[in-house]
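I have placed the structure first, in the form of structure tokens, so that the comments after it can refer back to it.
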Amino acid sequence: MNFSWIRVCATAELLPGEYRIAWDGDVAIAVFNIDGELYAVEDVCTHDGGELAGGPVDGYAIECVRHGARFDLRTGAVLCPPAYEPIAKFPVKVEDGAVFTRDDRWD
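The sequence shown runs 0 to 106 under numbering that gives the first Met the number 0.
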């Protein structure tokens, strides 16, 4: 298993209000900059498997463009149906001017 951190981008490439996608194996991880704080979640809506990144973000909530499910980027919690299962949340670190994340579910 891969427990190493995955480089997402340079910190200057992820400004407030922006996001970047990184891949840890076959897992797409979306890293969001919300007012200078970084949050990483699996880029998959638990309702139907659609991508979340690119959907509207309001505060800490992201909305799936397909059917309107909303999730909290800080915790992965479901905020409204049609989703009922939370999305996976991942650690983020900043080191040497770069942003890193990893899928830590199997540690």
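Note that the Cβ used here is the ideal one computed from N, Cα and C, for glycine as well.
As the structure is a prediction and not an experimental result, all values here were calculated from the model.
query: Let me make sure I understand the geometry here. Which of Cys-79, Thr-10, Leu-37 and Ala-29 has the alpha-carbon closest to that of Gly-96?; result: Thr-10
query: Determine the direct distance from the alpha carbon of Pro-55 to that of Thr-100, and round the result to whole angstroms.; result: 22 Å
query: Please identify the residue among Ala-29, Ala-21 and Asp-34 whose C-alpha is closest to the C-alpha of Gly-75.; result: Ala-29
query: Measure the alpha-carbon distance for Arg-19 versus Pro-81 and round it to whole angstroms.; result: 25 Å
query: Could you tell me the alpha carbon to alpha carbon distance between Asp-71 and Asp-57, rounded to whole angstroms?; result: 10 Å
query: With H, G and I counted as helix, E and B as strand and the rest as coil, what does DSSP make of Thr-10?; result: helix
query: Closest by CA to Val-26, which one among Asp-34, Asn-32 and Val-40?; result: Val-40
query: For Asp-47, count neighbouring Cβ atoms within 10 angstroms of its own Cβ and tell me buried if that reaches 16, exposed if not.; result: exposed
query: Taking 7 Å as the cut-off, does the CB of Val-93 come closer than this to any heavy atom belonging to the ligand ATP?; result: Inclusion of the ligand ATP in the displayed structure is not the case, the ligand content being empty and no account of it being possible.
query: Among Val-77, Asp-106 and Glu-12, whose alpha-carbon lies nearest the alpha-carbon of Phe-89?; result: Asp-106
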